[in-house]
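Before any comments, here is the structure.
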Amino acid sequence: MGSRAPGDGTVVMRTRMAGELRPSDEGTRVELCGWIASRRDHGGIVFLDLRDASGVVQVVVDPSVAGLEAGHRVRNEWVVRVVGDVRARPDGTVNPELTTGEIEVATEELQVLNEAEPPPFPVDERVEADEVLRLRYRYVDLRRDRMQRNLRLRATVNRAIRGAMDEQGFSEVETPLLIASTPEGARDFVVPSRLQPGSFYALPQSPQLFKQLLMVGGFDRYYQLARCMRDEDLRADRQFEFTQLDAEMSFADGDDVIGVITEAVAAAAEAVTGEAPAPFGRLTWHEAMERYGSDKPDTRFGMELVDLGEVFAATEFRAFQQDAVKGIRVEGAGSGVGAGDAVMSRSQLDALTDRAKKLGAAGLVWMRVGEHGAIDSPVAKFLSEAEQLALVDATGAEPGDLLLLVAGERMLVNRVLGTLRLDLGRPPVTEGGLQFLWVVDFPLFEALDDHGRPIPAHHPFTMPHADDVSLLDSATGEDLLKVRAQAYDLVLNGWELGSGSVRIHRRDVQERIFTLLGISTEDAQARFGFLLDAFRYGAPPHAGFAVGIDRLTAILAGEENIREVIAFPKTQSGLDPLTGAPGPIDPAQLDELGLQIAPRAKTPEPKTP
RNA sequence: GGUCCUGUGGUGCAGUUUGGAGUGCACGCCGCCCUGUCAAGGCGGAGGCCGCGGGUUCAAAUCCCGUCAGGACCGCCA
Numbered sequence: 033m034g035s036r037a038p039g040d041g042t043v044v045m046r047t048r049m050a051g052e053l054r055p056s057d058e059g060t061r062v063e064l065c066g067w068i069a070s071r072r073d074h075g076g077i078v079f080l081d082l083r084d085a086s087g088v089v090q091v092v093v094d095p096s097v098a099g100l101e102a103g104h105r106v107r108n109e110w111v112v113r114v115v116g117d118v119r120a121r122p123d124g125t126v127n128p129e130l131t132t133g134e135i136e137v138a139t140e141e142l143q144v145l146n147e148a149e150p151p152p153f154p155v156d157e158r159v160e161a162d163e164v165l166r167l168r169y170r171y172v173d174l175r176r177d178r179m180q181r182n183l184r185l186r187a188t189v190n191r192a193i194r195g196a197m198d199e200q201g202f203s204e205v206e207t208p209l210l211i212a213s214t215p216e217g218a219r220d221f222v223v224p225s226r227l228q229p230g231s232f233y234a235l236p237q238s239p240q241l242f243k244q245l246l247m248v249g250g251f252d253r254y255y256q257l258a259r260c261m262r263d264e265d266l267r268a269d270r271q272f273e274f275t276q277l278d279a280e281m282s283f284a285d286g287d288d289v290i291g292v293i294t295e296a297v298a299a300a301a302e303a304v305t306g307e308a309p310a311p312f313g314r315l316t317w318h319e320a321m322e323r324y325g326s327d328k329p330d331t332r333f334g335m336e337l338v339d340l341g342e343v344f345a346a347t348e349f350r351a352f353q354q355d356a357v358k359g360i361r362v363e364g365a366g367s368g369v370g371a372g373d374a375v376m377s378r379s380q381l382d383a384l385t386d387r388a389k390k391l392g393a394a395g396l397v398w399m400r401v402g403e404h405g406a407i408d409s410p411v412a413k414f415l416s417e418a419e420q421l422a423l424v425d426a427t428g429a430e431p432g433d434l435l436l437l438v439a440g441e442r443m444l445v446n447r448v449l450g451t452l453r454l455d456l457g458r459p460p461v462t463e464g465g466l467q468f469l470w471v472v473d474f475p476l477f478e479a480l481d482d483h484g485r486p487i488p489a490h491h492p493f494t495m496p497h498a499d500d501v502s503l504l505d506s507a508t509g510e511d512l513l514k515v516r517a518q519a520y521d522l523v524l525n526g527w528e529l530g531s532g533s534v535r536i537h538r539r540d541v542q543e544r545i546f547t548l549l550g551i552s553t554e555d556a557q558a559r560f561g562f563l564l565d566a567f568r569y570g571a572p573p574h575a576g577f578a579v580g581i582d583r584l585t586a587i588l589a590g591e592e593n594i595r596e597v598i599a600f601p602k603t604q605s606g607l608d609p610l611t612g613a614p615g616p617i618d619p620a621q622l623d624e625l626g627l628q629i630a631p632r633a634k635t636p637e638p639k640t641p
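Each number in this note's numbering comes from the position in the first sequence (counting from 1) with 32 added on.
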């Protein structure tokens with residue numbers, strides 16, 4: 033129960049929480065504290081809704097009673113303390129909309145703890161407030177149900193994750209925030225050193241190197257809810273600062289890591305939804321690209337990519353004489369038979385074609401499927417009857433469907449169709465349940481740079497796939513891109529939740545990778561020599577992972593944007609409307625740090641005609 | 001760096017396409033009335049740099065250019 037005695041000499045301001053009162057409390061004297069959520073002043077009687085962290089209860093005040101005159105004066109968001117008795121509401125005045133709607137508090141004492149100006153936007157959520165206003169007055173916004181719900185949900189996620197990791201024998205270890213620049217690919221946030229003028233710390237993009245050092249240090253199983261900072265442009269799913277469940281384990285392979293992380297993430301989902309999530313799927317990277325055209329497939333809906341190579345193997349149509357021809361089937365979006373809201377107009381199809389071209393495709397072929405496999409398309413005349421029939425057969429198209437086809441280099445075709453698939457079929461965040469998916473066997477290198485050197489897809493400490501190690505020595509050029517890594521991603525409803533890998537723990541293998549990447553021995557030594565050194569002193573085989581907590585929480589909360597699950601986020605241009613950060617600093621501070629601000633290159637004046 | 005969308009009393013919108021008086025709706029705010037409301041109700045009232053700057057025009061919230069802020073996305077985030 034909420035009733036407490038002071039004990040330590042402090043004054044207890046309240047005995048109960050507003051939202052927890054029930055008919056069983058009838059007759060109880062309660063002391064409540066909170067904000068006025070709403071007032072309904074009838075003159076001789078005033079109804080106040082008192083809101084605290086637990087919810088709302090109706091408080092009834094008779095302002096004609098001596099000492100209760102403030103009943104007329106109080107306004108929304110004033111902070112008050114109420115003493116009174118819980119009583120059943122009179123017949124016909126029960127409010128089934130409120131969990132406390134069967135009772136009310138008959139006020140005997142009304143104390144104004146603090147007056148308040150009218151809030152810049154209503155705390156009640158009937159109308160959506162402008163986001164910059166919400167951020168500027170975040171402390172008001174935080175009173176609203178949505179933020180209360182989301183941040184408490186986030187706390188539930190953190191609690192469940194810590195519980196699951198603890199149970200699996202992981203120890204939470206903190207790592208430094210002021211570090212040397214780490215080899216992640218993002219731009220560092222940088223902190224000037226006062227004691228070493230001209231030198232800089234970097235804020236961690238992740239605790240990557242430290243967790244590997246913890247493995248060398250014999251911690252065996254480490255995790256941390258780690259703040260990470262990356263100075264890259266912001267998006268709906270990206271903030272400068274974000275939080276990861278960061279984990280690393282020794283004497284373990286990729287499947288061990290997948291098992292552990294599955295356990296923790298499923299525990300978080302279950303803590304929020306009340307039921308265990310569906311079993312996590314698993315696809316190879318190659319399969320994900322071929323079937324969904326993405327390395328983070330949204331498997332809440334079908335519309336999979338169909339390989340039409342066989343169908344057009346001997347085609348006369350030049351546009352389809354390519355590395356790959358693939359298509360997607362958009363149900364009911366064709367003309368005629370199945371005509372309805374889903375049907376796409378000619379101008380919509382033109383827009384789709386533009387979209388495909390912007391994504392790099394040479395073009396987009398659309399086909400409307402009619403009765404008996406009849407095909408209506410600008411290119412129908414170039415296709416044989418047999419090809420048309422085989423096409424309908426291969427895609428499983430029904431009358432009224434629309435087919436979208438792209439031909440060209442295979443991975444380009446996959447990416448273009450994968451994007452169109454999302455444009456046309458992706459459900460809102462609140463629909464389709466939770467589709468967790470492991471994507472495994474990522475390639476070790478994602479591309480070749482201008483000098484023909486491979487660019488690591490994950491990071492340079494990623495262990496190559498055991499079966500592909502020999503390729504590392506023999507392969508050159510494009511063939512290097514076939515080398516698979518022991519790297520894996522966790523995907524939820526088309527969002528990349530996180531990634532991990534088995535790490536290289538042997539110095540000789542690591543040096544071979546550096547050589548391939550064109551990182552010289554001196555360069556490697558300068559950037560992360562301490563890690564290479566550590567590997568000389570008995571590094572265990574180890575593997576790890578990191579899960580984006582902001583993204584996981586957003587999806588569990590049914591939010592499209594991670595700002596909704598962050599107490600004090602920044603806008604897309606990296607500003608905090610509440611504190612005004614970032615701002616200039618005192619010249620004396622600059623001086624102390626040995627820094628000077630270079631004059632910014634002015635943008636050229638607009639040309640006068 | 002780029003593309004698209006948005007900016008109108010404290011709040012949320014309409015008005016911009018087709019230039020013609022700051023016009024309108026809802027909420028909030030202030031005052032008065034009101035003893036069973038819960039989006040309380042009734043009467044009255046206050047509140048505007050139409051983001052900012054420039055241009056076109058007899059006339060600009062409206063058209064043009066620039067700029068600032070916000071959002072979505074591309075680039076970027078190995």
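By construction, the Cβ of each residue, glycine as well, lies at the ideal position given by its N, Cα and C atoms.
Approximately 5 Å separates the beta-carbon atoms of residue 138 and residue 117; this is inside 8 Å, confirming the contact.
Residue range 553 to 566 is occupied by the alpha helix (DSSP H) that includes residue 557, with no beta strand (DSSP E) assigned at that position.
Judged by DSSP in its simplified three-state form, residue 456 adopts helix. DSSP, reduced to helix, strand and coil, places residue 390 within a helical segment of the structure shown.
By the neighbour-count definition (other C-beta atoms within 10 Å, threshold 16), residue 246 is a buried residue.
DSSP links residue 91 through a beta bridge to 80 and 137. Of the residues 223, 140 and 167, the one whose Cα lies closest to the Cα of residue 152 is 167.
Along the region 244 to 273, the beta strand (DSSP E) occurs as fully enclosed runs of 3 or more residues at 253 to 261, listed in sequence order.
By the C-beta density criterion, residue 238 is buried, having at least 16 other C-beta atoms within 10 angstroms.
Counting only the Cα atoms, residue 228 lies some 35 Å from residue 253.
Residue 431 is positioned such that its CB atom lies closer than 7 Å to that of residue 402. In the structure shown, residue 353 falls within a coil segment according to DSSP collapsed to helix, strand and coil. Excluding its 5 nearest sequence neighbours in each direction, residue 366 has C-beta neighbours in its own chain below 6 Å: 400, 401, 432, 433 and 434, listed in chain order. The residues 50, 51, 69, 81, 82, 130 and 132, in chain order, have a CB closer than 8 Å to that of residue 88 in the same chain once the five nearest residues on each side in sequence are set aside.
Within the region 423 to 498, the runs of beta strand (DSSP E) at least 3 residues long that lie entirely inside it are, in chain order, 434 to 440, 468 to 472, 477 to 480 and 486 to 488.
Annotation: the continuous alpha helix (DSSP H) that includes residue 300 extends over 286 to 305. Straight-line spacing of the CA atoms in residue 524 and residue 298 works out to 11 Å.
The beta carbon of residue 342 sits closer than 8 Å to those of 422 and 426, all from its chain and outside the five residues before and after it, given in chain order.
The distance from the Cβ of residue 381 to that of residue 449 is about 15 Å, inconsistent with a contact at the 8 Å cut-off.
For the set 322, 349 and 605, the Cα lying nearest the Cα of residue 360 is the one of 322. Taking residue 98 as reference, the option from 140, 391, 409 and 208 with the minimal CA-CA separation is 140. By the CB criterion at 7 Å, residue 515 and residue 503 fall inside the cutoff.
Fully contained in the region 198 to 249 are the following beta strand (DSSP E) runs of length 3 or more, in chain order: 222 to 224 and 232 to 234.
Here residue 349 is near residue 414, since their CB atoms are less than 7 Å apart. Assignment of residue 187 by DSSP, reduced to helix, strand and coil, places it in the helix class.
Within its own chain, the residues whose Cβ lies closer than 7 Å to the Cβ of residue 176, once the five positions on either side in sequence are excluded, are 155 and 157, listed in chain order.
When DSSP states are grouped into helix, strand and coil, residue 316 belongs to the strand group. Per DSSP, reduced to three states, the secondary structure at residue 193 is helical.
Comparing alpha-carbon positions, the option among 142, 357, 244 and 58 lying closest to residue 66 turns out to be 142. In the three-state scheme derived from DSSP, where H, G and I count as helix and E and B as strand, residue 348 is classed as coil. Annotation: residue 223 to residue 358 spans about 49 Å, alpha carbon to alpha carbon.
Assignment of residue 119 by DSSP, reduced to helix, strand and coil, places it in the strand class. Ranked by Cα distance from residue 418, the options 346, 362 and 459 are led by 346. DSSP places residue 326 outside both helix and strand once states are collapsed to three, so it counts as coil.
Under the criterion of beta carbons closer than 8 Å, residue 604 and residue 266 qualify as touching, at roughly 5 Å. Between the region 594 to 601 and the region 279 to 293, the count of C-beta pairs closer than 8 Å stays below three; the two stretches do not touch.
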